[in-house]
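According to full-length UniProt numbering, the sequence shown holds residues 1 to 442 in order.
I have placed the structure first, in the form of C-alpha cells, so that the comments after it can refer back to it.
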Amino acid sequence: MSYPPPMNRPQVGLPQLPPGIPPPQYGGFAPPVPPGTPMIPVHMGVVAPAPTVLVPTAVTITQKPIAAKKEHGMGRAKDADDGAGPTTTVFVGNISEKASDMLVRQLLAKCGIVLSWKRVQGASGKLQAFGFCEYKEPESTLRALRLLHELLLGDKKLLVKVDAKTKAQLEEWKAKRRSANGETGDGLKKPDEDEEEVLDEETLRRDQVANGAIEVLLKEYSSELNAPSQDADSQPRNKKRKEKKEEEDINAMEMEDDKRDLISREISKFRDTHKKLEEEKGKKEKERQELEKERRERDKERERERERRDREKEKERERERDKERERERERDRERERTKERERDRSRDVSEARSRSRERTREERKRERDEDEEDVYERRRLERRLRDKEAAYQEVCFIHGPFMTAVLNPQVVERYRLVGQRMKKKNIHFLRFLFYVSEGSLF
Numbered sequence: 001m002s003y004p005p006p007m008n009r010p011q012v013g014l015p016q017l018p019p020g021i022p023p024p025q026y027g028g029f030a031p032p033v034p035p036g037t038p039m040i041p042v043h044m045g046v047v048a049p050a051p052t053v054l055v056p057t058a059v060t061i062t063q064k065p066i067a068a069k070k071e072h073g074m075g076r077a078k079d080a081d082d083g084a085g086p087t088t089t090v091f092v093g094n095i096s097e098k099a100s101d102m103l104v105r106q107l108l109a110k111c112g113i114v115l116s117w118k119r120v121q122g123a124s125g126k127l128q129a130f131g132f133c134e135y136k137e138p139e140s141t142l143r144a145l146r147l148l149h150e151l152l153l154g155d156k157k158l159l160v161k162v163d164a165k166t167k168a169q170l171e172e173w174k175a176k177r178r179s180a181n182g183e184t185g186d187g188l189k190k191p192d193e194d195e196e197e198v199l200d201e202e203t204l205r206r207d208q209v210a211n212g213a214i215e216v217l218l219k220e221y222s223s224e225l226n227a228p229s230q231d232a233d234s235q236p237r238n239k240k241r242k243e244k245k246e247e248e249d250i251n252a253m254e255m256e257d258d259k260r261d262l263i264s265r266e267i268s269k270f271r272d273t274h275k276k277l278e279e280e281k282g283k284k285e286k287e288r289q290e291l292e293k294e295r296r297e298r299d300k301e302r303e304r305e306r307e308r309r310d311r312e313k314e315k316e317r318e319r320e321r322d323k324e325r326e327r328e329r330e331r332d333r334e335r336e337r338t339k340e341r342e343r344d345r346s347r348d349v350s351e352a353r354s355r356s357r358e359r360t361r362e363e364r365k366r367e368r369d370e371d372e373e374d375v376y377e378r379r380r381l382e383r384r385l386r387d388k389e390a391a392y393q394e395v396c397f398i399h400g401p402f403m404t405a406v407l408n409p410q411v412v413e414r415y416r417l418v419g420q421r422m423k424k425k426n427i428h429f430l431r432f433l434f435y436v437s438e439g440s441l442f
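Rendered as C-alpha cells:
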C-alpha cells in the first residue's frame, strides 16, 4: 500500500508558519499543490478530461491563531524542533454526503498545517467519500488521527488512517523526539502501542484547543449536517447501483495501478466494514426488537394476570357483598320474627289479661248474684222461722193443755207419721195444727 509521494520541501512563495495555524487560502483559488505531486486525470467518454483531485473552493478562516503570542519564546524552539519531521499523508474516508468539502478542509486544518487536500472525484465530477490530506508535520498527522478518527460527521463517522510506511515514519519521529527530550525509550514502538502513548501537557493542551475549535465548527454547520437526506441512495438497489458506478469511475481513472488497487482495496474495506457494522446494527436492532417484543408480551401477560386477579377479587368481593346482604336480610327477617313474637306475646298477654279481667268481673258478678240469693234465701228462711216461731207461740198459747197430751210418746210418733204424710201432701203447718185442733187427724 502506498500513497502519493510526500514532499518534504516547503511551498514556494509561502513563509513558514508555526504549527496549529492553517495556511492562508484565498477565495476562488485552490490550495497550492507542492511541485511534483501527480495529478489524476479522468476520462468521461467524449467529454474532455476534467481535474479529478483538486476542487477549487473558497475557504474563509474565521478562527484566530491559537496561542501564537502567549508562547512565543518557548513555543518557537519546540516548533523548530517539530518542524524537522517529514511530511505525512493521511487517508480520510467515509465522508458523509451532507458534509461539504469546505467543512472537511476546515476540520483537517484545525489539526495542523495542511499542505494539500486531494478529494477524489468521479467521472461525472461528483466528489467521492474519501481523499488524501498531506500535513507538513507529523504532530499534525498524529493529532488528526487522535481527534478526527471516528468523528461523527452528519450520519457517518470519519475514517482517518495512515499506511504502514507512514506509520513507521511516525514511530521513528516519535522515537527521535523522545530521545531529543531526554526520555528513555525502547526505540520504535509496535503499532498496537500507539493508543497507550502518554502525551505531555503541551500536546494535551493543543489537542484540547483543537477539539474545542472542531466543536465550534460542527455547531456552525449543524443545520447542514442534521438536514434530512433527500438522496434516494438510501434504498438497497440504489446503493448497489452507486457502488457499481463508483467502481466504474475508479476503473476509468487514469492513474497508477498500485494507487488504483489501493483505492479499490480501501473502498472494499470501507464497504465491508460498513456492511459488517450494518449487519451488527441490524442484528442488535433485531435483538432489541425481540427483547422489546418479549418485554411487551411479558407486560401483556402480567397485565392479563393482574386483570384476571382483579376480576377474581371483584367476584369474591361481590360474593362477599351478596353474602353480607343475605345475612343482613336474614337478620332483618329474624328481627321481624322476634318483633312478631313479641307482638304475639304482648297480644296474648293482653288477651289473657282481658280474659282474666272478664273472669274476674264474671266471678264478682256471680259472687254478687250468689250473695244476693244467699241473702234473699237467708232472709226468707229467717222470715219463715219467725213465722213458725210466731205460729208456735200462738198454738202453745191457745192449745196448751192439748199440747201437753200430745207430748205422749205414742202421740208424738203419730204426729211424726202425720207430718210425713203432710209433707208429701204439702200441707201447711198451720192447717196441720188446725186439723190437730179439730181432731180430724186421729
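The beta carbon of each residue, even a glycine, is placed where N, CA and C say it ideally should be.
- Report back the beta-carbon spacing between T88 and Y135 to the nearest angstrom; my notes put them in contact at under 8 Å. About 6 Å separates the Cβ atoms of T88 and Y135, confirming a contact at the 8 Å cut-off.
- CB F132 to CB K118, shorter than 8 Å? Yes, they are a contact pair.
- Query: When the Cα atoms are used, what is the spatial distance from D322 to E363?
  - Reply: As the crow flies, the alpha-carbon of D322 is around 59 Å from that of E363.
- Message: So, at 7 Å on beta carbons, what are the nonlocal neighbours of N226 in its own chain, with the 5 sequence-adjacent residues on each side left out?
- Response: Hits under 7 Å: none found.
- Compute the beta-carbon to beta-carbon distance between L170 and D207, rounded to the nearest angstrom, for a pair I have assumed lies under 8 Å. Taking 8 Å as the upper bound for CB-CB distance, L170 and D207 are not in contact here, some 16 Å apart.
- Task: In angstroms with no decimal places, state the Cα-to-Cα distance between A129 and K281.
- Result: Between A129 and K281, the alpha-carbon positions lie close to 21 Å from each other.
- Message: If you reduce the DSSP assignment to three classes, tell me which class G73 lands in.
- Response: In this predicted model, G73 has a pLDDT of only 41, less than 50, meaning its place in the structure is not dependable enough to derive any value.
- Compute the distance between the beta-carbons of V160 and V92, then report whether it is under 8 Å. V92 sits close to V160, with the two beta carbons spaced by under 8 Å.
- Query: By the 10 Å Cβ neighbour count, where 16 or more other Cβ atoms means buried, how is K174 classified, buried or exposed?
  - Reply: Counting C-beta atoms within 10 angstroms of its own C-beta, K174 has 16 or more neighbours from the protein chains shown and is therefore classed as buried.
- Query: When the Cα atoms are used, what is the spatial distance from H149 to D163?
  - Reply: C-alpha of H149 to C-alpha of D163: approximately 14 Å in a straight line.
- Going by DSSP, name the residue or residues bridged to F91. Note: F91 sits in a beta bridge opposite F132 and K161.
- Item | Whole-angstrom distance between K176 and A123, CA atom to CA atom | If you draw a straight line from the Cα of A123 to the Cα of K176, it comes to about 43 Å.
- Proximity to S96 [Cα-Cα], best of R379, E287, E224 and I214: Looking at the Cα atoms, E224 is the closest of the given residues.
- Query: For P116, which residues does DSSP report across the bridge?
  - Reply: The question names Pro, yet the displayed sequence has Ser at residue 116. E134, per the DSSP bridge assignment.
- In whole angstroms, what is the alpha-carbon distance linking K275 and E297? Approximately 32 Å between the Cα atoms of the pair.
- Per DSSP, K156 is paired with what? For K156, which the question treats as bridged, DSSP gives the partners L153.
- Message: Out of L218, A168, A210 and K156, which one is the CA nearest neighbour of M102?
- Response: Distance from the Cα of M102 is smallest, within the candidate group L218, A168, A210 and K156, for L218.
- Task: Give a yes or no on whether the C-beta atoms belonging to L115 and A144 are separated by under 8 Å.
- Result: By the CB criterion at 8 Å, L115 and A144 fall outside the cutoff.
- Take the Cβ of L153 as the centre, count every other Cβ of all protein chains shown within 10 Å, and call the residue buried at 16 or more, exposed below. Around the beta carbon of L153, a 10 Å sphere encloses 16 or more other beta carbons of the protein chains shown; the residue is thus reported as buried.
- Message: Going by beta-carbon coordinates alone, are K156 and N211 separated by less than 8 Å?
- Response: Taking 8 Å as the Cβ cut-off, K156 and N211 do not qualify as a contacting pair.
- Item | Beta-carbon gap between T141 and V209 smaller than 8 Å | Cβ atoms of T141 and V209: not closer than 8 Å.
- Query: CB-CB under 8 Å to R288, same chain, minus the five flanking residues each way: which ones, in chain order?
  - Reply: Here the set comprises nothing.
- Task: Decide if Q106 is buried, meaning its Cβ has at least 16 other Cβ atoms within 10 Å, or exposed.
- Result: The residue is buried, with at least 16 neighbouring Cβ atoms inside 10 Å.
- 6 Å Cβ shell around E372 - same chain, five flanking residues per side excluded: Nothing listed; no residue qualifies.
- Task: Classify V198 as helix, strand or coil using the three-state DSSP reduction.
- Result: In this structure, V198 counts as coil in the three-state DSSP scheme.
- Query: Around the C-beta of A99, are 16 or more other C-beta atoms found within 10 angstroms, so that it is buried, or is it exposed?
  - Reply: With 16 or more other Cβ atoms within 10 Å, it is buried.
- Query: Which term fits L417, buried or exposed, when burial requires 16 or more other beta carbons within 10 angstroms of its beta carbon?
  - Reply: Label assigned to L417: exposed.
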